[in-house]
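Here the protein sequences line up with chains H and D, keeping their order.
Residue 8 is where the first sequence starts when you use the working numbering, and the numbers rise one by one after that.
Residue 4 is where the second sequence starts when you use the working numbering, and the numbers rise one by one after that.
This report refers to the structure that appears directly beneath it.
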Amino acid sequence: MKQEIFKIEQNKVLAANTYEMVLSGDTSAVTSPGQFVNIALPGRFLRRPVSVCDCGPGRLTLIYKVLGEGTADMTEMLPGTKLSVLTGLGNGFDLSRSGERPMLAGGGVGIPPLFWLAKELIKQGKRPAAALGYNTAGEIFLEKEFRELGCEVLVATADGSYGTKGYVTSLINERFSQIYACGPTPMLKAIYALGMPGQLSLEERMGCGFGACMGCSIKVKDGYKRICKDGPVFGMEELPW
Amino acid sequence: MVDLRTTLCGIELDNPVIPASGTFGYGREFAELYDINMLGTFSFKGTTKEPRFGNPTPRIAESASGMLNAVGLQNPGVDKVISEELPSMAKFFRKPVMANVSGFSVEDYVYTCERLDKEPQVGWLEVNISCPNVHGGGMSFGTDPGAAAEVTRAVKKVTTKPVIVKLTPNVTDIVSVAGACEEAGADGISLINTLLGMRIDLRSRRPLLANTTGGLSGPAVFPVALRMVWQVSKAVGIPVVGMGGVSSAKDVIEMMMAGACAVEVGAANLTDPLACKKIIEALPSEAEKLGIASLKEIIGAAH
């Protein structure tokens, strides 16, 4: 974990209520796809945790959805604005378990961390596929970018306005070696119920984001874990669902 | 050169800054960022007789200049704290540490305090009779002077180290509770724990916290805390540790002027993990600007 000042390079709308923020600063503590950062916003007491969508030396890409007052504030922030960011939070996905043909399943604003994961898996010579779920066609983002990486991309919308009608679970089948999933809890539970090997990235309201306050604890099979520090990624086999 | 030293129940501290229980875990996450031996000490996560998971989530909500928490005393239980957390803490923290203890009966407090008292690393016992987020214990002892005195007396019987009783602000007359603790043998008083509050999710029309209510902390509570520290420290003859919304060196100085001999920092650690380091580093220049040569001089200066 590091606390660094980042500068907003770009902050633009991607889809309905969905924005992309590109930041520049010291990214040395960000080591693995699936990690998140925690951003201090002027006038808001708690930081806002946001998953890392892409990361390179000195450059961090975040995709966030407007869900409350804090994220609404973020949409108004102009390039050049400086933000205090805690980086390198959480464990991230375990790439060593991917197998040759992993499936990355994302729902809505759970999709962004899978993008960097796809890039890293491809670098390792793996052939990830992406199952992307959205509410409706107007909320679609990153589909093109996943295709440009060379991933097989399957899309589902809840209202059937684009791709398969329904949820991402219907796009997953036995031909995949490992499921990496991030999205709303009902989606993760449905994926868990498929009984395939995989890793789930969970979310919860957080106090600190780095393991101090016990605000985001969950019960796992062998005790209690902090989603922010011990997670957010948990192996399916760890969860008592 | 400003003298930052202060004394808490007979033990000298390099400075008055103490991260508050529940905002600092067992120190490990912060020790990754800086050498926490620069702290006066710290109060580790509230410990109970049995392991506790705590309340369901969501446990955290935001408010103007503050936050609500309803963690509910999650901790691994006193046996594991002694067998695992304390030995692991010894690797990065060399000073006497403050052991924060909670319970659901007088016997619980006695059991846990008696065990932690025997640990050489423990310098003080901070007896939390003020947790607003558990049912049938915690705060119910701190809202009644008789019950507060009973816990204090029972814990004092089985311990040798200084016992600091941590009080709740959710009372009509905090001075009477503090007085009862002093009379029952408390070596010090710490205050305030969080103020009981709640938030409602406007869309679902339900309380935001799974526990319905939670404890408010952060800068929003600072003036309330300061007032209570002032009232209590005027009324008792034992050391008072002030806390509640402290987030700067100036706040530390103000708390000491109100009567605190040491100052705990809580919610600020969660929004800035370097908060205590920054406060300690800023203390000499802030004190110097105010013509303070030694922090000990200003304790209770506003009385």
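Glycine included, each C-beta is placed from N, C-alpha and C at the ideal position.
Between residue i and chain D, is the shortest Cβ-Cβ distance under 8 Å, so that the two count as touching?
i	result
H:Ala219	yes
H:Cys215	yes
H:Leu53	yes
H:Ala47	yes
H:Arg182	no
In whole angstroms, give me the CA-to-CA distance for residue i and residue j.
i	j	result
D:Ile21	D:Thr44	5 Å
H:Phe217	D:Glu32	7 Å
H:Asp237	D:Leu277	21 Å
D:Thr131	D:Leu194	The question names Thr, yet the displayed sequence has Asn at residue 131 of chain D. Between D:Asn131 and D:Leu194, the C-alpha separation is close to 10 Å.
H:Ala165	H:Arg54	31 Å
H:Gly63	H:Phe148	21 Å
D:Lys164	D:Leu128	7 Å
H:Pro191	H:Leu207	11 Å
H:Gly97	H:Cys235	5 Å
H:Cys60	H:Phe122	6 Å
H:Met8	H:Val57	15 Å
D:Val113	H:Lys228	32 Å
H:Val44	D:Gly221	22 Å
D:Glu267	D:Arg97	19 Å
D:Gly240	D:Trp233	13 Å
D:Gly25	D:Arg206	30 Å
H:Ser103	H:Lys196	23 Å
D:Val166	D:Pro59	31 Å
D:Cys264	D:Ser288	19 Å
H:Ile46	H:Ser105	30 Å
H:Thr78	D:Ile203	19 Å
Is residue i helix, strand or coil by DSSP?
i	result
H:Met203	coil
H:Lys9	strand
D:Asp204	strand
H:Leu30	strand
D:Asn40	helix
H:Asp80	helix
D:Tyr112	helix
H:Gln131	coil
H:Thr192	helix
H:Ile198	helix
D:Glu300	helix
H:Glu107	coil
D:Ser86	helix
H:Phe217	coil
D:Ile14	strand
D:Pro155	A small fix is needed here, since residue 155 of chain D is Thr in this sequence, not Pro. Correct three-state label for D:Thr155: helix.
D:Asn103	strand
H:Phe148	coil
D:Cys264	coil
H:Gly95	strand
H:Phe43	strand
H:Arg54	coil
D:Asp254	helix
D:Met4	coil
Run down chain H in chain order and give the residues with a C-beta less than 9 Å from the C-beta of residue i.
i	result
D:Gln77	Met221, Ser224, Tyr231
Give the interface partners of residue i over in chain D, defined as CB-CB distance under 8 Å, in chain order.
i	result
H:Met8	Glu32, Glu35, Leu36, Pro276
Say the cut is 7 Å; is the CB of residue i nearer than that to a heavy atom of the ligand NAD?
i	result
H:Gly117	Annotation note on the ligand NAD: not contained in the displayed structure, which lists no ligands.
Does residue i get closer than 8 Å to chain H when you measure Cβ to Cβ?
i	result
D:Ser91	no
D:Ser68	yes
D:Asn103	no
D:Thr216	no
D:Leu273	yes
D:Phe27	yes
D:Phe45	no
D:Phe225	no
Can you pull the chain D neighbours of residue i, defined as C-beta to C-beta under 9 Å?
i	result
H:Glu211	Thr60, Pro61, Arg62, Ile63
Determine the chain H residues that contact residue i at a beta-carbon separation under 7 Å, and present them in chain order.
i	result
D:Val310	Missing from the structure shown is residue 310 of chain D; chain D here goes from 4 to 306 and no further.
D:Gly221	Phe52
What in chain H is Cβ-close to residue i, meaning under 8 Å?
i	result
D:Asn72	Gly214, Cys220, Gly222
D:Phe56	Ser224, Lys226, Tyr231
For residue i, which beta-bridge partners are listed by DSSP?
i	result
H:Tyr71	H:Tyr26
H:Thr171	H:Ala163
H:Asp229	Its beta-bridge partners do not exist; DSSP assigns none.
H:Gln17	H:Val29
D:Val168	D:Val130, D:Ile192
D:Arg209	D:Asp204
H:Gly140	H:Gly114, H:Ala163
D:Asp275	According to DSSP, which records beta bridges pairwise, D:Asp275 is partnered with nothing at all.
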